[in-house]
Structure formats: C-alpha cells, structure tokens
Amino acid sequence: MNIFVSNINYATKEYELQDLFSEFGDVSSAKIITDKETGRSRGFGFIEMSDEEGQEAIEALNQKEFNGKVLNVSEAKPREEKPRRTFSNNGGNNRGGGSYGNNRGNGGGYGGSNNRSGGGNRW
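Counting from 1, one number per residue, gives the positions in the sequence shown under the UniProt record's numbering.
Okay, here's the thing in structure tokens:
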C-alpha cells in the first residue's frame, strides 16, 4: 500500500518517518519529497507498507501530532495525468526582434539605439 503523509514538519528526516510507521509493521520505503532546486522538504511524503498494516497505520496516525505538526495520513491516490502544455511561436516568443533582441539594424536592444560611437543616444 502506498500511503500519503502531509503536513510533515520541514525538519523531519526520512528515518524518523520510517520509525513512526514501523510501529505498525514492516515499512518497505519512506520518502519525504524535496524541492528540486533547494533540496528542502516540501512537507509531504510517501510510505510503502503492506495493505493491512498500512490501513492500521492510517487509522492510528491520521490527525496525530508528530514533531510539532498534526499529520494528514491517507491512502495515496494514483497521480493524475495532466495534459502537456505546448508552446507556439505565435505571439511573444519571437526572438528575431523586439526590445531584447540582438537586432543590429533597427535600433533594437534595451536602449533602443544602435549607436556604437560611444557618444550616447542621438535623437
């Protein structure tokens, strides 16, 4: 059984979560989800254990305080498939010009001037 656990204290380690659930049976895995960029906990995770033991753990631990926070514990639901977003080049994705482009012939760039003489903008 895959168990979803949310509202986990950010300082909680995976082994602590595993120890908590192991009171109800053999834990196959315990995983706290982390942010890809920072590596910090996102405050939720997943526990894998047998169905019977998992159900017992859910009933006993849901809405119980652990490391200063009240846990939400439930059976994990299958992940919904979201349609992939597609991007088109119609509209604002044109890299050929505009104020950020590398245009050398029409006054592009941040300042709007292509003056390379070092004398500033000429109006």
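We put the beta carbon where it would ideally sit given N, CA and C, even for glycine. Predicted model, so just to flag it, every value in this text is computed and none were measured.
Cα-Cα separation between Arg79 and Glu53, rounded to whole angstroms: 23 Å
Around the Cβ of Gly45, are there at least 16 other Cβ atoms within 10 angstroms (buried) or fewer (exposed)? buried
Check whether the Cβ atoms of Ile32 and Ser22 sit closer than 8 Å, and answer yes or no. no
Let me know the alpha helix (DSSP H) ranges lying completely inside the UniProt domain "RRM" (1–78), each 4 residues or longer, listed in chain order. 14–22 and 51–61
If we count Cβ pairs, one from each stretch, closer than 8 Å, do we get three or more for the region 11–21 versus the region 64–78? yes
Should Val70 be labelled buried (16 or more other beta-carbon atoms within 10 Å of its own) or exposed? exposed
Proximal residues to Tyr100 (C-beta, below 6 Å), its chain only, five neighbours per side dropped: Unreliable positioning characterises Tyr100 in this predicted model, as indicated by a pLDDT of 49, which lies under 50. The coordinate reading is nonetheless provided below. Once the five neighbours on either side are set aside, Tyr100 has no close Cβ partner at all.
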